[in-house]
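Comments concern the structure below.
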Amino acid sequence: MKVLTQEECNQEDVDVNEACPSMTTYLLSDAPNAPMIIVIPGGAYHHRAYHEGEPVAKWLNQAGYHACVLRYHVAPFHYPIQLQDGQYAIRYVRYHLPNWGISSQSKVGVLGFSAGGHLAAMLSTMFDDGIESPEDPIERQSSRPDFQILCYPVITMGEYTHEGSKQNLLGETQDASIIKQLSCENLVSDHTPPAFIWSTAEDQAVSSMNSLLYVQALQKRSIPYDLHIYQEGRHGLGLANDQHHTRTWKDACLDWMEHYIK
């Protein structure tokens, strides 16, 4: 995995190979105990939306959190490579925290939008404690995030799915077993990390039923969560700075992290 600093990413001559996942780090100076949040932009597994990447990382920095933006595989690459990208990103971050001047005890979370929210939910329900004796010491790290933030997420591959995301993730392999396997409401366990989730009732692309299905599964397992479904707002709002009320998701999220995560 190629890892770039914010300064390197801003250079016009940086070449990022679509066939190779990468991350861009946005690190605070002198904040050794601050959590690290891996930002996962949406884009229907077809592309990665810029406004759900770097601007979000910079907002997190302003709020006192380290961040990095994951550039994961999109179509024509299909599952499971996206999950593998995310799992390796979490392991990589955990392994390198001390090298970045961050405590190895700092929490590592995921924050995903839309299809990136689906990937974040997969990472929060499909993880391991590390692979024994691999050649790559990074693989020995846990791939479990400590918390998850899901923004108008795709959750299910079933009735309420986003068809474009489903097609781009699965390709032609869409039998009933894989659809059930990748519907995250079916994957919640007692070890799923706490969640902050928001969506809008007006979202015509990804129904808020996705969030409700996931919360129902979290509730059954007694996993802590905060759910916010705002009335107004189209799909893909990102930080939602131009929304009168929906933009308050950011304050609600920061309050949640301050209370439950830090």
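Per our numbering, the sequence shown starts with residue 73, numbered consecutively. Every residue, glycine too, gets a C-beta built ideally from N, C-alpha and C. Predicted model only: the values in this text are computed from it and were never measured.
Residues of its chain near residue i, where Cβ-Cβ distance is below 6 Å and the 5 sequence neighbours each way are ignored
| i | result |
| --- | --- |
| L326 | A135 |
| L183 | I109, V111, I221 |
| A121 | P113, G114, G115 |
| D298 | F268, W328 |
| L241 | Y117, Y151 |
| G202 | R212, Q213, S214 |
| L285 | I227, T228, E257 |
Cβ-Cβ distance between residue i and residue j below 7 Å
| i | j | result |
| --- | --- | --- |
| Q220 | A267 | yes |
| S101 | K74 | no |
| A147 | Y98 | no |
| S237 | A116 | yes |
| S271 | T228 | no |
| D275 | Y224 | yes |
| P152 | P217 | no |
| A392 | H307 | A query on residue 392 cannot be resolved here, the shown segment of the chain reaching from 73 to 334 and no further. |
| D200 | S176 | no |
Spatially closest choice to residue i from the options, by CA coordinates
| i | options | result |
| --- | --- | --- |
| K179 | S249, A273, Y167, A193 | Y167 |
| K292 | G243, G305, N258, Y117 | N258 |
| F185 | N171, E126, L76 | E126 |
| P170 | Y297, P107, A277 | P107 |
| D262 | T197, V278, V165 | T197 |
| S279 | P265, G305, A289 | G305 |
| P206 | V226, R163, G189, H234 | R163 |
| E124 | W321, L311, R319, Y144 | L311 |
| R319 | Y302, E330, I333, M329 | Y302 |
| A91 | H150, H138, A103 | H150 |
| V260 | A103, A192, T96, L132 | A192 |
| I174 | I203, F199, L285, Y137 | Y137 |
| R143 | A273, Q156, L285 | Q156 |
| L132 | G181, I210, V287, A289 | G181 |
| T77 | Y286, D247, W172 | W172 |
| I251 | D200, E330, S294, G230 | G230 |
| H234 | P209, N282, K334 | N282 |
| L309 | E330, S294, Q239, A277 | A277 |
| M194 | I295, D247, Q253 | Q253 |
Interface flag, residue i vs chain C, CB-CB below 7 Å
| i | result |
| --- | --- |
| C223 | Among the chains in the structure shown there is no chain C, since it carries only a single protein chain. |
Counterpart residues of residue i in DSSP-defined beta bridges
| i | result |
| --- | --- |
| Y297 | A267 |
| F219 | G181 |
| S283 | Beta-bridge pairing links S283 to no other residue. |
| T96 | L76, V141 |
| Y302 | T272 |
| M108 | H138, V180 |
Cβ-based burial, residue i [other Cβ within 10 Å; buried from 16]
| i | result |
| --- | --- |
| Q213 | buried |
| G158 | buried |
| H316 | exposed |
| V141 | buried |
| Y332 | exposed |
| T96 | buried |
| N313 | exposed |
| G243 | exposed |
| A139 | buried |
| Q154 | buried |
| N105 | exposed |
| A273 | exposed |
| K334 | exposed |
| A289 | buried |
Closer than 6 Å: residue i CB and nearest the ligand COA heavy atom
| i | result |
| --- | --- |
| Y151 | You won't find the ligand COA in this model; it holds no ligand whatsoever. |
Own chain partners of residue i with C-beta closer than 8 Å, once the 5 adjacent residues on each side are dropped
| i | result |
| --- | --- |
| H119 | V146 |
| G189 | I112, G114, L222, C223, Y224, P225, V226, I227 |
| P209 | Y167 |
| W321 | C223, W270, H300, Y302, A312 |
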